[in-house]
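For reference, the structure is listed below as structure tokens.
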Amino acid sequence: MHILSADQFTKKQLEELFALTSSIQQKFAQDKNEILQWHKGRVLITLFYEPSTRTRLSFASAAAHMGMSVISTENAREFSSAAKGETIEDTVRVLEQYAPDAVVIRHHETGEVARAAAATNVPIINAGDGKGEHPTQSLLDTYTIWQHFGKLTNLRIILGGDLLHGRTARSLAKLLACFEGNHIVFNTIPELQMADDIKQYLDDRGLTYEEESDMKKAFAQADVVYWTRLQKERLPEGVHIDQTYAIDTKAMGYMPDTAILMHPLPRVDEIATEVDNDPRAKYFTQAGNGMFVRMALLDTILTRLKQ
Amino acid sequence: MHILSADQFTKKQLEELFALTSSIQQKFAQDKNEILQWHKGRVLITLFYEPSTRTRLSFASAAAHMGMSVISTENAREFSSAAKGETIEDTVRVLEQYAPDAVVIRHHETGEVARAAAATNVPIINAGDGKGEHPTQSLLDTYTIWQHFGKLTNLRIILGGDLLHGRTARSLAKLLACFEGNHIVFNTIPELQMADDIKQYLDDRGLTYEEESDMKKAFAQADVVYWTRLQKERLPEGVHIDQTYAIDTKAMGYMPDTAILMHPLPRVDEIATEVDNDPRAKYFTQAGNGMFVRMALLDTILTRLKQ
Amino acid sequence: MHILSADQFTKKQLEELFALTSSIQQKFAQDKNEILQWHKGRVLITLFYEPSTRTRLSFASAAAHMGMSVISTENAREFSSAAKGETIEDTVRVLEQYAPDAVVIRHHETGEVARAAAATNVPIINAGDGKGEHPTQSLLDTYTIWQHFGKLTNLRIILGGDLLHGRTARSLAKLLACFEGNHIVFNTIPELQMADDIKQYLDDRGLTYEEESDMKKAFAQADVVYWTRLQKERLPEGVHIDQTYAIDTKAMGYMPDTAILMHPLPRVDEIATEVDNDPRAKYFTQAGNGMFVRMALLDTILTRLKQ
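Residue numbers (this note's numbering), protein chains in the order written: chain D, 13 to 319; chain F, 13 to 319; chain Y, 13 to 319.
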């Protein structure tokens with residue numbers, strides 16, 4: 013069983029995964045030591061062709077809390093046999109010989125992780141492949157909404173920030189289209205609007221959406237505001253994000269009390285730190301959910317292997 | 013409980029810490045396996061914004077010998093979200109979500125570790141922040157003296173090498189000023205003499221000191237000779253350290269039999285290898301003490317967490 | 013006990029090591045969890061002065077499967093105290109203080125690992141020192157032959173690829189000379205032929221060999237074809253290896269059914285991927301054997317330490 017794309021999960025599988033994540037999260041709060049026995053001595057290799065400290069540490073923590081050993085390389089692109097011209101298929105076939113229970117791969121090129129997975133029986137988890145997929149990010153985003161609302165249907169989700177380049181907003185829109193009754197509001201400047209391929213995807217699945225550049229109007233009846241990082245170098249000349257699409261206390265006032273504010277992190281100026289203590293701000297919880305989703309995925313994979 | 017500065021410890025706390033360190037050291041020599049049960053499965057993250065292999069491996073070994081899992085990043089400055097503009101407060105708030113039991117941080121800028129600590133409830137240990145603090149180094153230096161003499165009072169300590177730039181000699185002088193009756197001799201060339209802020213600090217606390225450029229005179233009644241690394245590029249033109257302030261067998265002859273020679277390592281030419289077998293040479297023991305002091309600190313932190 | 017060179021083993025010791033490796037391999041296939049108890053909590057440091065991801069991950073996996081903790085540095089040359097001028101003797105003396113059970117060292121300069129070993133009582137394993145030795149590679153190559161044929165005598169071994177620069181082919185030739193009745197065929201272009209020092213070594217020990225540039229003739233009665241990587245920049249102008257010394261399905265047809273094809277990996281174009289499914293292709297098995305040989309070496313070292 014490989015984890016290559018969030019698309020690979022059926023609605024039923026997603027719900028099972030989220031229920032497992034939630035039960036792990038509760039058990040962990042009660043008794044870490046029980047979970048520590050689950051996969052004692054099993055081995056996780058994290059093979060990162062480009063650095064992504066946050067994602068790597070999240071996977072490593074997830075594994076360590078379940079008693080696994082973690083063996084990692086931070087920058088395989090520069091260091092490994094890849095530099096000598098080895099294909100990723102050969103690399104994972106060699107790693108397979110070292111008998112790991114799973115291999116987490118981060119790669120700078122789209123499709124490379126899927127190529128690796130096709131070459132081996134060891135479970136491969138995609139931790140991001142270039143502009144391609146980053147399924148555990150999508151899953152932790154969706155889980156955070158599911159955890160809070162107890163459902164993934166009939167929600168009004170505002171997507172903001174850099175919708176054109178941001179992988180996370182694009183993936184979330186696609187995942188939301190699998191569930192009924194959701195409505196998406198794209199809230200950004202025209203230059204960074206969501207691309208047509210995603211709009212087409214939503215159209216095909218009957219999910220409604222609108223573009224609303226005014227933050228106050230967009231936030232008015234939100235269930236979820238999902239904000240993303242804006243890179244200064246991508247803003248049109250003369251546009252200062254902190255004067256327009258930065259969320260501060262005032263902007264929080266536009267949101268209902270029942271809404272939640274999410275962000276894949278790292279954030280820079282697009283969410284002011286004064287917002288952090290607002291109970292609706294869920295971005296750190298969201299990051300923590302990432303570790304628990306990864307624990308649930310590893311547990312699913314390793315439990316299957318045992319059977 | 014964060015470990016940010018050696019100054020944070022009272023005399024009583026220092027003595028308790030050293031007694032614990034000493035008892036761990038003895039227990040470890042007798043039965044490693046008992047200590048291995050102490051913090052089984054607990055997770056330590058080492059977050060290094062600049063490389064310091066020696067310090068990182070010392071912390072990691074300390075944790076591993078107590079059964080902890082260690083998750084680390086060697087060069088967070090270049091690799092992590094920091095490169096995308098994330099603050100260290102956000103970084104540790106994310107790491108906190110991964111449920112580590114402690115986080116060791118090394119940073120290239122003074123004050124950053126304290127900022128991190130202020131933002132989180134996870135115990136933070138400062139493993140050096142620029143020109144700021146490096147409390148575990150100060151503690152291992154002091155512990156080494158305490159271990160050998162059974163006290164930290166009424167000692168004659170010679171500080172040599174680069175007293176102007178060296179963080180370790182400055183910190184040691186400050187810690188010695190907390191105890192009664194010590195006398196410090198600054199033994200170096202005028203260009204690398206101890207700075208006035210430290211002299212003022214000693215004056216304020218009534219600790220006596222002198223400058224003595226002659227090695228033979230300085231060493232005559234020493235209890236401790238604490239030597240530090242001299243970087244060639246900081247020496248005035250025409251000064252060759254090996255002809256003046258390098259310690260060789262001859263220089264050892266100036267010291268009493270009861271004295272000990274310390275050095276924070278790495279050493280280059282300022283202590284000749286012929287000195288290594290002299291029983292008074294304690295620099296490798298001192299490095300080993302560093303691991304045991306770190307075990308004691310981690311044990312103190314984790315035992316508190318349990319309570 | 014240090015592992016510095018394949019030469020250090022007597023024939024009897026090699027056979028004992030291989031028997032142990034084989035028994036570990038079988039036990040691992042039956043019950044990983046038993047092996048996990050063997051060296052629980054013991055600590056391995058991998059100190060790599062230059063990156064070699066494959067070798068490092070192989071050692072780390074070997075250790076993890078036996079319950080050891082692994083503490084590692086990927087690029088000590090750039091990061092560690094070495095950059096400040098510390099000798100490798102001092103470095104290992106400091107590491108010794110951290111009480112590891114073994115230290116694996118990879119170094120870019122010949123002889124440095126042996127210097128480290130001479131300075132410490134902690135078992136040092138050479139994971140490659142420049143153009144010098146890489147004993148675990150030699151041992152896994154030899155083990156693979158022993159495992160398949162049940163012997164290391166009276167075999168016809170074809171060595172191909174870059175025999176002039178390749179460390180592995182040179183080492184294998186030397187090891188084969190310790191056993192009776194082997195015959196080596198050097199199958200490459202004149203510009204990359206085996207150097208005279210190895211030929212002299214074989215002459216001195218009475219091992220027969222020949223040069224045969226024709227692949228079909230060379231492979232005709234082979235027991236082992238040991239192929240090595242060809243670096244394009246070392247080929248004479250106008251020579252395209254894929255037209256001459258690349259092994260494809262056709263070339264496999266020149267080999268007896270009972271022969272095996274080995275390669276130290278990574279491979280680039282010198283073995284076509286279409287060959288991978290041929291049962292005679294043993295290069296991935298060979299890489300896996302590397303982990304088991306390393307487990308056997310670590311087990312030998314740690315069992316001795318216990319006694």
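We treat Cβ as the ideally placed atom computed from N, Cα and C, and that holds for glycine.
Beta-carbon proximity check, residue i vs residue j, cutoff 9 angstroms
| i | j | result |
| --- | --- | --- |
| residue 303 of chain D | residue 81 of chain D | no |
| residue 160 of chain F | residue 183 of chain F | no |
| residue 113 of chain Y | residue 48 of chain Y | no |
| residue 136 of chain D | residue 16 of chain D | yes |
| residue 50 of chain F | residue 314 of chain F | yes |
| residue 307 of chain D | residue 36 of chain D | yes |
| residue 292 of chain F | residue 271 of chain F | yes |
| residue 194 of chain F | residue 167 of chain F | yes |
| residue 247 of chain Y | residue 310 of chain Y | no |
| residue 261 of chain D | residue 290 of chain D | yes |
| residue 44 of chain F | residue 53 of chain Y | yes |
| residue 18 of chain D | residue 154 of chain D | yes |
| residue 220 of chain D | residue 139 of chain D | no |
| residue 29 of chain Y | residue 280 of chain Y | no |
| residue 77 of chain Y | residue 40 of chain Y | yes |
Beta bridge counterpart(s) of residue i as assigned by DSSP
| i | result |
| --- | --- |
| residue 221 of chain Y | Y/196 |
| residue 239 of chain F | F/172 |
| residue 13 of chain F | DSSP, once it has assigned bridges, lists no residue as partnering residue 13 of chain F. |
| residue 138 of chain F | F/117 |
| residue 273 of chain D | D/237 and D/293 |
| residue 26 of chain D | DSSP, once it has assigned bridges, lists no residue as partnering residue 26 of chain D. |
Straight-line gap, residue i to residue j (C-alpha atoms, nearest Å)
| i | j | result |
| --- | --- | --- |
| residue 388 of chain F | residue 75 of chain D | One cannot answer for residue 388 of chain F here, as it falls past the ends of chain F, which runs 13 to 319. |
| residue 224 of chain D | residue 105 of chain F | 32 angstroms |
| residue 299 of chain Y | residue 96 of chain Y | 36 angstroms |
| residue 170 of chain Y | residue 197 of chain Y | 5 angstroms |
| residue 216 of chain Y | residue 207 of chain Y | 15 angstroms |
| residue 115 of chain D | residue 71 of chain D | 10 angstroms |
| residue 151 of chain D | residue 84 of chain F | 25 angstroms |
| residue 164 of chain D | residue 181 of chain D | 16 angstroms |
| residue 282 of chain Y | residue 200 of chain Y | 12 angstroms |
| residue 266 of chain D | residue 287 of chain D | 13 angstroms |
| residue 34 of chain F | residue 24 of chain D | 57 angstroms |
| residue 297 of chain D | residue 158 of chain F | 45 angstroms |
| residue 232 of chain F | residue 191 of chain F | 22 angstroms |
| residue 149 of chain F | residue 276 of chain F | 8 angstroms |
| residue 128 of chain Y | residue 38 of chain D | 49 angstroms |
| residue 202 of chain D | residue 268 of chain D | 25 angstroms |
| residue 20 of chain F | residue 107 of chain F | 24 angstroms |
| residue 218 of chain D | residue 189 of chain D | 8 angstroms |
Contact list for residue i against chain D, beta-carbon separation under 7 angstroms
| i | result |
| --- | --- |
| residue 105 of chain F | 296 |
| residue 311 of chain F | None at all; the shortest Cβ gap to chain D is about 18 angstroms. |
Residues that residue i contacts on chain D, provided the C-beta gap is smaller than 9 angstroms
| i | result |
| --- | --- |
| residue 86 of chain Y | 85, 86, 87 and 91 |
| residue 45 of chain Y | 52 and 53 |
Beta-carbon neighbours of residue i, restricted to chain D and to distances below 8 angstroms
| i | result |
| --- | --- |
| residue 98 of chain F | 277, 278, 279 and 280 |
| residue 73 of chain Y | 55, 57, 83, 110, 111 and 112 |
| residue 102 of chain F | 277, 278 and 279 |
Chain F contact residues for residue i, given Cβ-Cβ distances below 8 angstroms
| i | result |
| --- | --- |
| residue 303 of chain D | 109, 110 and 111 |
Proximal chain Y residues relative to residue i, where beta-carbon distance stays under 8 angstroms
| i | result |
| --- | --- |
| residue 70 of chain F | 110 |
| residue 207 of chain F | Within 8 angstroms Cβ-Cβ: nothing; residue 207 of chain F doesn't reach chain Y, min ~22 angstroms. |
Under 7 angstroms by beta carbon: chain F residues contacting residue i
| i | result |
| --- | --- |
| residue 81 of chain Y | 76 |
| residue 299 of chain D | 106 and 109 |
| residue 48 of chain D | 53 |
Chain F contact residues for residue i, given Cβ-Cβ distances below 9 angstroms
| i | result |
| --- | --- |
| residue 261 of chain D | Here the premise fails: no neighbours, minimum Cβ distance about 18 angstroms. |
**Report entry** Stretch pair the stretch 211-222 of chain D + the stretch 233-250 of chain D: three plus CB contacts closer than 8 angstroms
**Finding:** No: the two stretches stay apart, fewer than three of their Cβ pairs being nearer than 8 angstroms.
Query raised in the report: Is the stretch 91-109 of chain Y in contact with the stretch 99-107 of chain F, if contact means three or more CB pairs nearer than 8 angstroms?
Result: Three or more Cβ pairs closer than 8 angstroms define a contact, and the stretch 91-109 of chain Y falls short of that threshold against the stretch 99-107 of chain F.
Report task. Pair every Cβ in the stretch 117-125 of chain Y with every Cβ in the stretch 60-70 of chain Y, then say whether three or more of these pairs are closer than 8 angstroms. Result -> Touching, yes.
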